[in-house]
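So the sequence lines, in the order shown, correspond to chains R and Z. Residue numbers for the first sequence follow the working numbering, beginning at 1 and rising by one. Residue numbers for the second sequence follow the working numbering, beginning at 325 and rising by one.
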Amino acid sequence: MSVVRLPGLITTDDRVSGPPSRWDYAADRTFRALAQTGVWLLLILLGVILWEIGGKATAGIRDYGLGFLTSTTWDVGRQQFGILPHIWGTLYSSLLALAIGGFFGVVMAIFLTQDFLPPQLAQVFRTVVELLAAIPSVVYGLWGLFVVVPALRPVAGWLFETLGWIPLFGTTLSGPGLAPASLVLAIMILPTVAAISQDALRLVPYKVKEAAYGMGTTKWEAILKVMLPTAATGIFGALVLGFGRALGETMALAMLIGNSSQISLSLFAPANTLAALLALNFPEAGKREVEVLMYAALVLLAITLLVNMAGEAIMALSARKTKS
Amino acid sequence: MRRVSTTCVLAGFVLALLAGPVAAQDSLRLTGSGATFPFPLYSAWFKAFSGKHKGVTVDYQGKGSGAGIRDFINRTVDFAASDAAMTDEEISKVPGGVQLLPMTGGEIVLGYNLPGNPKGLKLPRDVYTGIFLGRITKWSDPKLKAANPGVNLPDTDITVVRRADSSGTTFVFTSHLSAISEEWKKGPGAGTTVNWPKSDKFVASPKNDGVSATIKQTPGAIGYLEFAFAKFAKLEMAELQNKAGQYVAPGGEGGPAALAGVQLPGDLRAWVTDPDGPKAYPVATYTWMLFYKENKDPKKAAAIRELVEFCLNDGQKMSAQMGYIALPANVAAAVKKAAASIQ
């Protein structure tokens with residue numbers, strides 16, 4: 001490792017080249033020490049969180065074991081706890097949100113970066129999309145309850161009547177349910193996906209595109225066959241991040257998903273998620289409940305970790321493929 | 325910004341400590357936490373009390389009954405409030421003893437949303453238990469039609485809205501259902517959260533406001549919530565059949581009649597699971613404040629006794645206006661007597 005010199009130090013010096021001074025070494029070492037402390041602190045923090053949650057969950061894990069993950073009853077009075085419906089609801093709603101929000105996010109990124117709009121207008125759109133990220137979760141929840149649900153109800157009713165034999169549309173929408181929750185969730189992850197995909201697309205050198213045009217491709221061929229594959233790793237990273245956000249989203253979902261511990265394929269049935277379960281039950285939880293809720297929190301953490309690891313693995317795999 | 329304001333607060337605090345031993349002596353601060361359901365009433369009471377008694381301020385935080393009890397056991401507050409009183413086990417954790425005082429009462433209503441907003445829907449006992457057990461699933465059910473001749477009931481599904489968080493409201497409502505239905509008692513039972521029937525038509529929302537918003541947004545919905553919240557949201561409320569077979573609307577004479585029918589034991593802890601009397605509204609409850617029998621500071625104890633006295637005299641007049649039930653005269657007298665044990 002050679003010593004990286006800070007640009008400010010070079011310009012104030014009249015010396016153009018020469019061995020690094022003592023000051024250079026000191027600045028370099030301090031920076032390195034700071035960065036290392038930061039990384040270690042981050043790791044320690046993660047460790048402490050895991051230790052805390054794990055420590056409080058041990059009693060729950062000991063008493064309920066793996067059955068906790070596969071049983072479907074949550075009954076505080078009878079001390080029966082199971083989170084299969086919550087795991088199902090978390091994954092189902094997040095995947096749906098990823099499908100919708102991911103698609104629109106990537107499309108939007110293409111639209112805003114591939115010269116479809118004059119640059120000023122594209123900037124305006126970009127700001128608007130990024131503004132979506134600043135809206136608080138509760139506002140999304142209220143908006144979902146008062147706007148999305150009433151708007152969705154006639155559509156859901158029609159789908160149930162004409163296509164009711166498909167399990168996806170097997171019930172009518174009564175109010176809160178999986179479909180409105182996933183739609184709102186999709187809008188919530190949209191800015192994340194769109195912003196990071198845009199960065200990925202913008203990082204592809206313009207010359208690559210010019211070269212594609214030079215070879216006689218149409219605009220769409222250039223986008224689909226050259227730009228997207230080149231930016232694929234970044235876009236995939238955007239999707240993984242969006243999925244992670246969807247998994248952990250709490251308040252809007254607690255208001256919209258219906259919080260019903262059941263497993264149903266239907267888009268219009270109420271469901272439940274782990275994050276909503278935790279948020280709604282912690283404030284009044286007794287000792288035993290806190291233990292099992294901590295267990296549930298650990299499961300949520302594990303799911304998020306698995307998703308991220310799977311994302312990394314797929315990215316590494318695709319990177320190897322494109323190289324060979 | 326935050327750091328600046330923290331510094332200001334700290335500086336102010338230090339100044340107050342240095343400059344005001346005299347001021348600190350005659351200004352007394354009582355803190356409490358607990359139930360959210362009487363929160364609007366309690367905050368009105370405490371504001372009026374502080375206005376009348378210069379130098380005494382009362383802070384109350386509506387965190388939920390369970391959280392209030394926890395604070396009370398940990399001695400981080402001067403008093404607490406709970407819709408579910410306290411269990412014997414919880415009481416045993418407080419050295420010196422606990423004085424439970426019922427301060428006001430409330431009704432739990434069934435709010436509904438039907439096309440055309442028919443008023444005063446009548447619900448027989450087996451019908452509303454049936455609805456919450458998931459047995460009666462259509463508004464056009466023959467039993468509902470029989471109880472409501474002349475009301476145009478649509479052929480839509482009944483959507484049941486319940487509380488998603490654990491709550492005293494759920495406890496009172498499910499205790500009532502357990503008292504009137506064997507099937508409910510053996511099935512979901514009574515508790516702050518219970519195992520509700522699994523159905524597409526059962527949805528849950530957080531807090532009283534969440535339930536009222538969901539009912540308002542969902543045609544064909546019915547759900548249980550506190551009267552004051554339903555009144556505030558302008559929901560239609562059902563008339564429920566009581567033990568004597570009469571249909572009683574909430575918000576009138578039914579609440580006080582329900583509470584008056586119950587004999588309070590010595591510890592002033594009693595549940596009105598199924599009140600007698602032809603005028604009684606069937607789902608009503610007391611809500612309690614919790615006090616230490618032994619307070620370290622005699623001045624504080626005196627202020628607390630004054631506070632209780634105020635709530636029992638002036639406070640009860642405000643209860644009825646705000647949608648709560650004023651304590652029956654005999655109960656108020658018993659509470660006044662019991663308050664003397666707060667020392």
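Heads up, the beta-carbon is just placed ideally off N, CA and C, and yes, glycines get one too.
Have a look at residue i and residue j and give me their C-alpha separation to the nearest angstrom.
| i | j | result |
| --- | --- | --- |
| R:A313 | Z:G390 | 45 Å |
| Z:R593 | Z:G444 | 32 Å |
| Z:A663 | Z:G435 | 36 Å |
| R:Q198 | R:L96 | 22 Å |
| Z:L631 | Z:L352 | 12 Å |
| Z:P448 | Z:E506 | 16 Å |
| Z:A470 | Z:F456 | 19 Å |
| Z:Q640 | R:I49 | 48 Å |
| Z:E550 | R:V107 | 47 Å |
| Z:A269 | Z:G420 | Not covered by the structure: residue 269 of chain Z. The range shown for chain Z is 325 to 667. |
| Z:L614 | R:I61 | 35 Å |
| Z:G515 | R:F104 | 44 Å |
| Z:G392 | Z:P466 | 45 Å |
| Z:A658 | R:N259 | 42 Å |
| R:A319 | R:L178 | 35 Å |
| Z:V572 | R:V299 | 48 Å |
| R:R245 | R:P136 | 14 Å |
| Z:A488 | R:L117 | 46 Å |
| Z:R629 | Z:G492 | 26 Å |
| Z:L438 | Z:D481 | 11 Å |
| Z:P574 | Z:E413 | 34 Å |
| Z:G375 | Z:F634 | 12 Å |
| R:A33 | R:L46 | 20 Å |
| Z:K462 | R:A200 | 53 Å |
Any idea what DSSP makes of residue i, helix, strand or coil?
| i | result |
| --- | --- |
| Z:P426 | strand |
| Z:I649 | strand |
| Z:I432 | strand |
| Z:I546 | strand |
| Z:R353 | strand |
| Z:N437 | strand |
| Z:R487 | strand |
| R:W165 | coil |
| R:A285 | coil |
| Z:K555 | helix |
| Z:V361 | In the sequence as displayed, the identity of residue 361 of chain Z is Phe instead of Val. DSSP places Z:F361 in coil when its eight states are reduced to three. |
Hey, residue i and residue j are a contact pair by Cβ (cut 8 Å); roughly how many whole angstroms apart?
| i | j | result |
| --- | --- | --- |
| R:L185 | R:E249 | 6 Å |
| R:Y92 | R:F81 | Not a contact, Cβ separation roughly 21 Å. |
| Z:G601 | Z:G585 | 5 Å |
| Z:G379 | Z:A359 | Not quite, the Cβ-Cβ distance comes to about 27 Å (not below 8 Å), so this is no contact. |
| R:L274 | R:I87 | 7 Å |
| Z:A404 | Z:D395 | 6 Å |
| R:G237 | R:I196 | 6 Å |
In its own chain, which residues sit with a C-beta less than 8 Å from the C-beta of residue i, not counting the 5 before and 5 after it?
| i | result |
| --- | --- |
| R:P205 | none |
| R:L163 | F169 |
| R:M255 | V138, G141, L142, G144, L145 and P176 |
| Z:T538 | V485, V527, S529, A545 and G547 |
| R:V307 | V240, F243, G244 and L247 |
Leaving out five residues before and five after residue i in sequence, what residues of the same chain have Cβ atoms less than 6 Å from its Cβ?
| i | result |
| --- | --- |
| Z:P442 | V475 |
| Z:P606 | L564 and N566 |
| Z:Y648 | L365, T428 and G430 |
Could you say which of the options lies nearest to residue i if we only look at CA atoms?
| i | options | result |
| --- | --- | --- |
| R:T58 | R:L190, R:L253, R:Q80 and R:L293 | R:L293 |
| R:M227 | R:L280, R:E291, R:T127 and R:T113 | R:T113 |
| R:V128 | R:E221, R:A246, R:I187 and R:Y213 | R:I187 |
| Z:Y548 | Z:K558, Z:Q541, Z:V535 and Z:K540 | Z:V535 |
| Z:T611 | Z:A488, Z:V496 and Z:T480 | Z:V496 |
| R:P154 | R:F268, R:W51, R:A310 and R:A238 | R:F268 |
| Z:V401 | Z:E414, Z:V382, Z:D407 and Z:K509 | Z:V382 |
| Z:L651 | Z:A582, Z:D621, Z:P622 and Z:P543 | Z:A582 |
| Z:K603 | Z:A656, Z:Q570, Z:W508 and Z:C635 | Z:Q570 |
| Z:D524 | R:S261, R:A27 and R:W158 | R:S261 |
| R:L301 | R:I44, R:D28, R:T90 and R:D75 | R:T90 |
| Z:K522 | Z:L559, Z:G578 and Z:G458 | Z:G458 |
| R:D327 | R:E289, R:Q120, R:L152 and R:L253 | Limits of chain R in this structure are 1 at one end and 324 at the other, which puts residue 327 of chain R out of reach. |
| Z:K620 | Z:V596, Z:W508, Z:L636 and Z:I666 | Z:I666 |
Quick one: list the residues of chain A neighbouring residue i, beta-carbon separation under 8 Å, in chain order.
| i | result |
| --- | --- |
| Z:V518 | No chain A is part of this structure, whose protein chains are labelled R and Z. |
Counting only the same chain and skipping the five closest in sequence on each side, list residues whose C-beta sits under 7 Å from that of residue i.
| i | result |
| --- | --- |
| R:P191 | V129, E130, L132 and A133 |
| R:P167 | L265 and S266 |
| Z:F553 | N532, D533 and S536 |
| R:W40 | none |
| R:L278 | L293, A296 and A297 |
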